[in-house]
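So the structure is just underneath, and the comments pick up after that.
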Amino acid sequence: MDVLLIEEDLHQSTLIGSMLEANEGTRVCVAHSDVDAFKKITLQGFIPDLIVCDGVEMLYYLSKAVPNASYAILSAANDDVLESAVDAAHGCGIEHMNVYSTPLSPSQAEQLINMSVNRVAH
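Its first residue numbered 3, the sequence shown is counted upward by one per residue in the working numbering.
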(Lines of atoms letter the chains of each structure in order from A and count residues from 1; the text may use other names and numbers.)
(Lines give C-alpha, C1' and ligand atoms only; values in the text may rest on other atoms or scores of the structure.)
Protein backbone atom coordinates (compact mmCIF):
# COMPACT_ATOMS: atom_id res chain seq x y z
CA MET A 1 0.00 0.00 0.00
CA ASP A 2 1.56 3.27 -1.14
CA VAL A 3 0.40 6.33 0.78
CA LEU A 4 0.94 9.98 -0.04
CA LEU A 5 0.75 12.04 3.15
CA ILE A 6 0.35 15.77 2.57
CA GLU A 7 1.18 17.56 5.82
CA GLU A 8 3.01 20.87 6.21
CA ASP A 9 3.95 20.39 9.87
CA LEU A 10 7.14 18.33 10.21
CA HIS A 11 6.23 16.94 13.64
CA GLN A 12 2.73 15.92 12.51
CA SER A 13 3.99 14.37 9.27
CA THR A 14 6.51 12.29 11.22
CA LEU A 15 3.92 11.18 13.78
CA ILE A 16 1.18 10.36 11.26
CA GLY A 17 3.64 8.76 8.84
CA SER A 18 4.95 6.49 11.60
CA MET A 19 1.43 5.40 12.56
CA LEU A 20 0.57 4.61 8.95
CA GLU A 21 3.85 2.76 8.32
CA ALA A 22 3.26 0.63 11.43
CA ASN A 23 0.86 -1.34 9.23
CA GLU A 24 2.69 -4.11 7.39
CA GLY A 25 3.32 -3.43 3.72
CA THR A 26 2.60 0.30 3.97
CA ARG A 27 5.03 2.80 2.44
CA VAL A 28 4.49 6.49 3.12
CA CYS A 29 5.75 9.29 0.91
CA VAL A 30 5.49 12.68 2.63
CA ALA A 31 4.80 15.94 0.82
CA HIS A 32 5.06 19.13 2.86
CA SER A 33 2.87 21.19 0.52
CA ASP A 34 0.22 20.77 -2.14
CA VAL A 35 2.75 21.74 -4.80
CA ASP A 36 5.22 19.14 -3.48
CA ALA A 37 2.47 16.49 -3.58
CA PHE A 38 1.56 17.33 -7.15
CA LYS A 39 5.25 17.19 -8.18
CA LYS A 40 5.67 13.76 -6.60
CA ILE A 41 2.75 12.48 -8.64
CA THR A 42 3.30 14.24 -11.96
CA LEU A 43 7.09 14.60 -12.16
CA GLN A 44 8.33 11.68 -10.07
CA GLY A 45 5.60 9.25 -11.12
CA PHE A 46 4.52 8.30 -7.60
CA ILE A 47 1.04 6.76 -7.84
CA PRO A 48 -0.40 6.29 -4.34
CA ASP A 49 -3.20 3.94 -3.37
CA LEU A 50 -4.20 6.35 -0.61
CA ILE A 51 -3.83 10.11 -0.27
CA VAL A 52 -4.04 11.60 3.23
CA CYS A 53 -4.27 15.37 3.56
CA ASP A 54 -5.57 18.05 5.90
CA GLY A 55 -7.69 20.03 3.47
CA VAL A 56 -9.70 20.03 0.28
CA GLU A 57 -7.78 22.64 -1.72
CA MET A 58 -6.05 20.17 -4.04
CA LEU A 59 -8.67 17.40 -4.11
CA TYR A 60 -9.92 18.27 -7.59
CA TYR A 61 -6.43 18.23 -9.13
CA LEU A 62 -5.35 15.15 -7.19
CA SER A 63 -8.50 13.28 -8.20
CA LYS A 64 -7.71 13.94 -11.86
CA ALA A 65 -4.06 12.90 -11.48
CA VAL A 66 -4.81 9.79 -9.38
CA PRO A 67 -8.45 8.84 -10.08
CA ASN A 68 -8.30 5.38 -8.49
CA ALA A 69 -6.84 6.43 -5.14
CA SER A 70 -8.69 6.44 -1.85
CA TYR A 71 -8.63 9.72 0.04
CA ALA A 72 -8.65 10.69 3.70
CA ILE A 73 -8.86 14.13 5.26
CA LEU A 74 -7.47 14.70 8.73
CA SER A 75 -8.90 17.79 10.38
CA ALA A 76 -9.53 19.41 13.74
CA ALA A 77 -12.58 21.15 12.26
CA ASN A 78 -16.11 20.65 13.54
CA ASP A 79 -18.54 18.12 12.07
CA ASP A 80 -20.21 20.64 9.74
CA VAL A 81 -16.88 21.49 8.13
CA LEU A 82 -16.00 17.81 7.83
CA GLU A 83 -19.33 17.10 6.13
CA SER A 84 -18.62 19.95 3.71
CA ALA A 85 -15.23 18.38 2.97
CA VAL A 86 -16.91 15.09 2.07
CA ASP A 87 -19.40 16.95 -0.14
CA ALA A 88 -16.51 18.77 -1.85
CA ALA A 89 -14.73 15.46 -2.44
CA HIS A 90 -17.83 13.91 -3.96
CA GLY A 91 -18.17 17.01 -6.14
CA CYS A 92 -14.66 16.30 -7.44
CA GLY A 93 -15.70 12.78 -8.36
CA ILE A 94 -13.96 11.14 -5.40
CA GLU A 95 -15.98 8.13 -4.31
CA HIS A 96 -13.68 6.73 -1.62
CA MET A 97 -13.30 9.41 1.03
CA ASN A 98 -12.75 9.06 4.76
CA VAL A 99 -12.64 11.93 7.23
CA TYR A 100 -10.94 11.72 10.61
CA SER A 101 -10.76 14.22 13.43
CA THR A 102 -7.27 14.99 14.62
CA PRO A 103 -5.28 13.89 16.40
CA LEU A 104 -5.29 10.58 14.55
CA SER A 105 -4.93 7.56 16.82
CA PRO A 106 -2.91 4.44 15.95
CA SER A 107 -6.14 2.41 15.75
CA GLN A 108 -7.64 4.94 13.33
CA ALA A 109 -4.47 4.78 11.21
CA GLU A 110 -4.78 1.00 11.12
CA GLN A 111 -8.48 1.24 10.20
CA LEU A 112 -7.68 3.70 7.41
CA ILE A 113 -5.03 1.42 5.92
CA ASN A 114 -7.24 -1.68 6.23
CA MET A 115 -10.19 0.03 4.52
CA SER A 116 -7.93 1.16 1.68
CA VAL A 117 -6.33 -2.27 1.32
CA ASN A 118 -9.76 -3.90 1.17
CA ARG A 119 -10.89 -1.42 -1.49
CA VAL A 120 -7.78 -2.05 -3.62
CA ALA A 121 -8.26 -5.82 -3.27
CA HIS A 122 -11.80 -5.65 -4.67
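The beta carbon of each residue, even a glycine, is placed where N, CA and C say it ideally should be.
These numbers come from a predicted model, not from an experiment.
Residue i, enclosing alpha helix (DSSP H) - first and last residue
{"i": "Ser118", "result": "Pro108 to Ala123"}
{"i": "Asp38", "result": "Asp36 to Thr44"}
Residue i versus residue j: straight-line alpha-carbon distance, rounded
{"i": "His34", "j": "Gly57", "result": "13 Å"}
{"i": "Ala71", "j": "Asp36", "result": "16 Å"}
{"i": "Tyr18", "j": "His98", "result": "One detail in the question is off: residue 18 reads as Ile in this sequence, not Tyr. Those two C-alpha atoms are separated by around 20 Å."}
{"i": "Val30", "j": "Asp4", "result": "6 Å"}
{"i": "Val119", "j": "Ala67", "result": "20 Å"}
{"i": "Ser107", "j": "Thr28", "result": "17 Å"}
{"i": "Asp51", "j": "Glu85", "result": "23 Å"}
{"i": "Glu112", "j": "Val32", "result": "18 Å"}
{"i": "Leu114", "j": "Cys55", "result": "13 Å"}
{"i": "Lys41", "j": "Ser109", "result": "30 Å"}
Host beta strand (DSSP E) of residue i (start-end)
{"i": "Ile49", "result": "Careful: Ile49 lies outside any beta strand (DSSP E) and carries neither H nor E."}
{"i": "Val32", "result": "Arg29 to Ala33"}
{"i": "Ala74", "result": "Ser72 to Ser77"}
Assigned secondary structure, residue i (DSSP; H/G/I helix, E/B strand, else coil)
{"i": "Ile96", "result": "coil"}
{"i": "Ala67", "result": "helix"}
{"i": "Val58", "result": "coil"}
{"i": "Asp11", "result": "coil"}
{"i": "Ala90", "result": "helix"}
Cβ neighbour criterion (16 or more within 10 Å) applied to residue i
{"i": "Ile75", "result": "buried"}
{"i": "Asp89", "result": "exposed"}
{"i": "Glu10", "result": "exposed"}
{"i": "Ile49", "result": "exposed"}
{"i": "Ser65", "result": "buried"}
{"i": "Ala87", "result": "buried"}
Check: residue i C-beta below 7 Å from any heavy atom of the ligand HEM
{"i": "Pro50", "result": "The ligand HEM is absent from the structure shown, which contains no ligands of any kind."}
Using 8 Å as the cut-off, can you tell me whether the region 17-31 makes contact with the region 80-89, which would need three or more C-beta pairs spanning the two stretches below that distance?
no
Cβ contact (3+ pairs, closer than 8 Å) linking the region 91-98 and the region 58-65:
yes
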